[in-house]
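Working notes, beginning with the structure itself.
Protein chains: 2
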Amino acid sequence: MKRVLLTISYDGTDYHGWQVQNNAVTVQEKLQDALQELMGFRPDVTGCSRTDAGVHARGFCCHLDCPESFPEKAFLLGLNSILPQDIAVREFHEVRPDFHARYDACGKNYQYHFYVSKTHDPFLSRYALRLEHPLDAERVGAFCDSLLGTHDFKGFCASGSSVEDTVRTMSECRLTLNGEQPMISVSANGFLYNMVRIIVGTAIDVSEGRLPTDCATEIFSSCRREAAGFTAPPNGLILNQVFYKEAF
Amino acid sequence: MKRVLLTISYDGTDYHGWQVQNNAVTVQEKLQDALQELMGFRPDVTGCSRTDAGVHARGFCCHLDCPESFPEKAFLLGLNSILPQDIAVREFHEVRPDFHARYDACGKNYQYHFYVSKTHDPFLSRYALRLEHPLDAERVGAFCDSLLGTHDFKGFCASGSSVEDTVRTMSECRLTLNGEQPMISVSANGFLYNMVRIIVGTAIDVSEGRLPTDCATEIFSSCRREAAGFTAPPNGLILNQVFYKEAF
Numbered sequence: 047m048k049r050v051l052l053t054i055s056y057d058g059t060d061y062h063g064w065q066v067q068n069n070a071v072t073v074q075e076k077l078q079d080a081l082q083e084l085m086g087f088r089p090d091v092t093g094c095s096r097t098d099a100g101v102h103a104r105g106f107c108c109h110l111d112c113p114e115s116f117p118e119k120a121f122l123l124g125l126n127s128i129l130p131q132d133i134a135v136r137e138f139h140e141v142r143p144d145f146h147a148r149y150d151a152c153g154k155n156y157q158y159h160f161y162v163s164k165t166h167d168p169f170l171s172r173y174a175l176r177l178e179h180p181l182d183a184e185r186v187g188a189f190c191d192s193l194l195g196t197h198d199f200k201g202f203c204a205s206g207s208s209v210e211d212t213v214r215t216m217s218e219c220r221l222t223l224n225g226e227q228p229m230i231s232v233s234a235n236g237f238l239y240n241m242v243r244i245i246v247g248t249a250i251d252v253s254e255g256r257l258p259t260d261c262a263t264e265i266f267s268s269c270r271r272e273a274a275g276f277t278a279p280p281n282g283l284i285l286n287q288v289f290y291k292e293a294f
Numbered sequence: 047m048k049r050v051l052l053t054i055s056y057d058g059t060d061y062h063g064w065q066v067q068n069n070a071v072t073v074q075e076k077l078q079d080a081l082q083e084l085m086g087f088r089p090d091v092t093g094c095s096r097t098d099a100g101v102h103a104r105g106f107c108c109h110l111d112c113p114e115s116f117p118e119k120a121f122l123l124g125l126n127s128i129l130p131q132d133i134a135v136r137e138f139h140e141v142r143p144d145f146h147a148r149y150d151a152c153g154k155n156y157q158y159h160f161y162v163s164k165t166h167d168p169f170l171s172r173y174a175l176r177l178e179h180p181l182d183a184e185r186v187g188a189f190c191d192s193l194l195g196t197h198d199f200k201g202f203c204a205s206g207s208s209v210e211d212t213v214r215t216m217s218e219c220r221l222t223l224n225g226e227q228p229m230i231s232v233s234a235n236g237f238l239y240n241m242v243r244i245i246v247g248t249a250i251d252v253s254e255g256r257l258p259t260d261c262a263t264e265i266f267s268s269c270r271r272e273a274a275g276f277t278a279p280p281n282g283l284i285l286n287q288v289f290y291k292e293a294f
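In structure tokens:
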């Protein structure tokens with residue numbers, strides 16, 4: 047057997063996230079179905095993280111073990127011809143036998159997309175959150191800057207999470223205006239449950255004046271979820287890239 | 047009562063086209079459902095044309111009669127808050143009492159979108175047809191040019207259509223390369239059943255050398271559907287704009 051790393055893209059609209067669940071269709075299950083059809087057995091597939099229901103991915107990574115004889119083309123072409131149109135395998139890399147898609151990830155980049163419009167747009171609403179008014183670039187920029195560096199992000203974590211170490215290092219948090227379709231890009235060495243969606247909800251609250259631009263100070267020091275803003279909906283969020291030390 | 051013209055956008059993926067049908071969900075039905083909820087009665091709604099199952103629209107037009115007292119805001123905001131995310135009302139215009147969305151249309155513009163990729167892309171496949179190889183701009187350009195002007199387009203019409211006059215005047219037929227996401231834009235004073243999709247399928251056959259660049263000569267003169275290329279799938283097609291003599 048050899049270990050392989052797959053980079054996949056998916057439109058998460060119709061899935062209950064990555065992780066296999068009872069009574070709900072997930073991306074992991076669809077991928078395992080396709081791998082079973084391709085390889086004749088059902089492999090374990092280990093993802094780089096969970097994603098919430100409705101969240102999208104451009105560069106989600108997962109690893110699995112497959113027979114030595116399986117060539118790259120069988121994965122890319124074979125798997126893509128079996129997978130539904132809303133999931134695609136983009137890259138395939140053979141990795142060392144102890145490589146782990148989750149534990150070896152040293153960071154991730156998420157993007158949150160918006161569009162500014164008085165009414166919803168059927169061609170944008172699937173992948174972006176509609177805003178009635180443009181974001182206040184100055185206020186949101188100041189809030190984003192205040193998140194950079196190493197902090198205890200517990201206040202930006204959904205309650206009910208069992209993670210003990212809630213300190214993370216944020217290397218990027220940036221609003222790109224891009225006309226009527228702004229985007230917030232966030233990179234960190236790790237993310238807590240709902241962390242990007244709470245950061246984005248807080249950014250919207252800051253933009254609209256419901257929270258001050260320096261609200262992160264209070265959220266970091268108090269670690270209280272209630273000090274942060276609302277949880278932005280999943281449809282605007284995309285897991286854009288996973289960082290590993292190895293170059294593939 | 048006053049007559050109003052609505053311009054709507056829709057993602058046609060999950061609909062069996064515009065026109066109400068038994069046992070299939072259509073855009074017209076969803077719009078009538080929403081109007082009924084808004085106005086308290088179920089109005090007749092007359093579309094500018096039918097669209098096939100899976101075809102999208104950015105500027106579909108339809109007319110209906112509504113009480114004099116109904117303000118524009120009630121339509122735009124009220125209707126959009128009721129409609130599903132894949133249908134939106136973009137514009138509202140009061141028109142003369144005998145205005146007719148279909149009979150008064152003097153032309154339409156359709157766009158057919160492609161993307162060039164070895165594997166499918168979950169974020170593009172909903173609204174564009176995947177091509178393995180780029181289109182041959184010179185060959186497709188020559189074919190597109192040969193369609194301009196007034197011709198009998200019967201050979202570009204799906205069999206089974208009962209339309210008697212199959213002569214149409216094409217004012218635009220143009221390939222835009224746009225990097226990896228090319229597009230064919232077609233404008234005419236009217237379109238036959240499946241006409242754009244057959245033109246696009248023929249363009250692909252011309253691009254890949256299965257048909258000569260001057261094949262339209264034979265298709266026009268023989269009026270035989272078999273002389274033209276395949277019918278391109280609906281997902282790449284979008285009804286972009288309907289032209290009326292009146293300016294709104």
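Line order of the protein sequences matches chains A and B.
All letters in the first sequence, in the order written, are residues 47 to 294 by the working numbering.
All letters in the second sequence, in the order written, are residues 47 to 294 by the working numbering.
Glycine is no exception: its CB is placed at the ideal position from the N, C-alpha and C atoms.
Problem set entry | Contact between the stretch 179-190 of chain A and the stretch 118-137 of chain A (3+ Cβ pairs under 8 Å) | no
For this session: Check the DSSP bridge columns for D198/A and list the partner residues they point to.
Result: V213/A
Exercise. Does the count of Cβ pairs from the stretch 201-215 of chain A and the stretch 263-270 of chain A closer than 8 Å reach three?
Worked result: yes
For this session: Could you check if R256/A is buried or exposed, using at least 16 other CB atoms within 10 Å of its CB as the buried criterion?
Result: exposed
Problem set entry | Residues, ordered as in the chain, of the stretch 167-191 of chain A that lie near chain B by beta-carbon distance below 9 Å | D167, P168, F169, S171, R172, Y173
Exercise. On the three-state DSSP scale, how would you describe C108/B?
Worked result: strand
Problem set entry | Cutoff 8 Å: A80/B Cβ touching any chain A Cβ | no
For this session: Would you check if there are 3 or more beta carbon pairs closer than 8 Å linking the stretch 79-93 of chain A to the stretch 103-114 of chain A?
Result: yes
For this session: Grab me the residues of E264/B's own chain with a C-beta within less than 6 Å of its C-beta, minus the 5 sequence neighbours each way, in chain order.
Result: A273
Exercise. Could you give the C-beta distance for T196/B and V213/B, rounded to a whole number, given that I count them as a contact under 8 Å?
Worked result: 6 Å
Exercise. Can you tell which of K291/B, Y156/B, A80/B has its C-alpha closest to the C-alpha of L238/B?
Worked result: Y156/B
Exercise. From the beta carbon of L283/B, is the nearest beta carbon of chain A less than 8 Å away?
Worked result: no
Problem set entry | Separation of H179/A from E292/B, as counted between CA atoms | 32 Å
For this session: Could you tell me whether any Cβ in chain D is nearer than 8 Å to the Cβ of L84/B?
Result: Of the protein chains in this structure, namely A and B, none is chain D.
Problem set entry | Residues, ordered as in the chain, of the stretch 114-134 of chain A that lie near chain B by beta-carbon distance below 7 Å | L122, N126, Q131, D132, I133, A134
Exercise. Can you name the residues that DSSP bridges to H102/B?
Worked result: I284/B
Exercise. Hey, is Y56/A's beta-carbon within less than 8 Å of any beta-carbon in chain B?
Worked result: yes
Exercise. When the Cα atoms are used, what is the spatial distance from C112/A to C152/B?
Worked result: 60 Å
Exercise. Should T222/B be flagged as near chain A, meaning a C-beta pair shorter than 8 Å?
Worked result: no
For this session: Find the nearest neighbour of V73/A within the set L129/A, F87/A, T215/A, judged by alpha-carbon distance.
Result: L129/A
Problem set entry | Per-residue burial, F294/A [other beta carbons within 10 Å of its own, 16 or more giving buried] | exposed
For this session: Note down, in chain order, all residues in the stretch 56-74 of chain A with a beta-carbon under 8 Å from any beta-carbon belonging to chain B.
Result: Y56, D57
Exercise. Cβ atoms of G247/B and T277/B: under 8 Å apart, would you say?
Worked result: yes
Exercise. Can the beta-carbon of A183/A be found less than 8 Å from the beta-carbon of L221/A?
Worked result: yes
For this session: Measure the Cβ-Cβ separation of L285/B and V101/B and say whether it is below 8 Å.
Result: yes
For this session: Using a Cβ-Cβ cut-off of less than 7 Å, give me the residues of the stretch 151-168 of chain A that come near chain B, in sequence order.
Result: T165, H166, D167, P168
For this session: Assign Y56/A to one of two classes, buried (16 or more other C-beta atoms within 10 Å of its C-beta) or exposed (fewer than that).
Result: buried
Exercise. Run through DSSP, which three-state label would P237/B get?
Worked result: This sequence places Phe at residue 237/B; Pro is not what is there. F237/B falls in the coil class under three-state DSSP.
Exercise. In chain order, what residues of the same chain have a beta carbon less than 8 Å from the beta carbon of M85/A, not counting five sequence neighbours either side?
Worked result: C112, P113, F116
For this session: Express the C-alpha separation of A80/B and M229/A in angstroms, rounding to a whole number.
Result: 32 Å
For this session: Kindly indicate which residue of S233/B, H139/B, S207/B has the alpha-carbon position closest to the one of F289/B.
Result: S233/B
Problem set entry | Pick from C261/B, F145/B, Q82/B, C219/B that is closest to L194/B, judged by C-alpha positions | C219/B
Exercise. Does DSSP put M203/A in a helix, a strand or coil?
Worked result: The identity of residue 203/A in the sequence shown is Cys, whereas the question assumes Met. Coil, per DSSP.
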